[in-house]
Amino acid sequence: MGMMVVYYIIMALQYILWFYSICIVIDAIMSWMPFLANSTVGKLLDRIVDPYLNLFRIGPIKQLAYSIGIDLSSVLALLVLYFIQTKAIFWLYNILLKLFG
1 MGMMVVYYII MALQYILWFY SICIVIDAIM SWMPFLANST VGKLLDRIVD
51 PYLNLFRIGP IKQLAYSIGI DLSSVLALLV LYFIQTKAIF WLYNILLKLF
101 G
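Okay, so the sequence shown: first residue is 1 according to my numbering, each after it adds one.
This is how it looks when you write it as structure tokens:
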């Protein structure tokens, strides 16, 4: 019983991170088209995604974005989410499995 609960928790986390990754990609694509970025959906996506992306919009990355005109925070954010999905969740699964399995 405990192993199934752990499995479903991990799968739910995987799907949430996958959905958030898709939101980041859609927001990045919409940012290239001002009429989409300023729409209701674009503003909603900005409210969901920007707090996380702002973690990567500091220091040299921010200066690089201003100098070349390309914001790389979406790419870095996706790389971190990919690491969390592939490594950190696997570690969490093993820890929870040892505790409850």
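The C-beta atom is built at its ideal place from N, Cα and C for all residues, glycine as well.
By the Cβ neighbour-count rule, D50 is exposed, with fewer than 16 other Cβ atoms within 10 Å of its own. The C-alpha of A88 is placed about 23 angstroms away from the C-alpha of R57.
By the CB criterion at 9 angstroms, D27 and L45 fall inside the cutoff.
At a Cβ-Cβ threshold of 9 angstroms, Y93 and Y8 do not count as neighbours. A straight line joining the alpha-carbon of L97 with that of W91 spans about 10 angstroms. Counted as a single uninterrupted DSSP element, the alpha helix (DSSP H) harbouring G2 occupies residues G2 to S31.
DSSP places D71 in the coil class of the three-state scheme, outside both helix and strand.
In the DSSP assignment, N38 falls outside any alpha helix (DSSP H), carrying neither H nor E.
Here the alpha carbons of Y15 and V5 stand approximately 15 angstroms from one another. With 16 or more other CB atoms across the displayed protein chains lying within 10 angstroms of its CB, A77 is buried.
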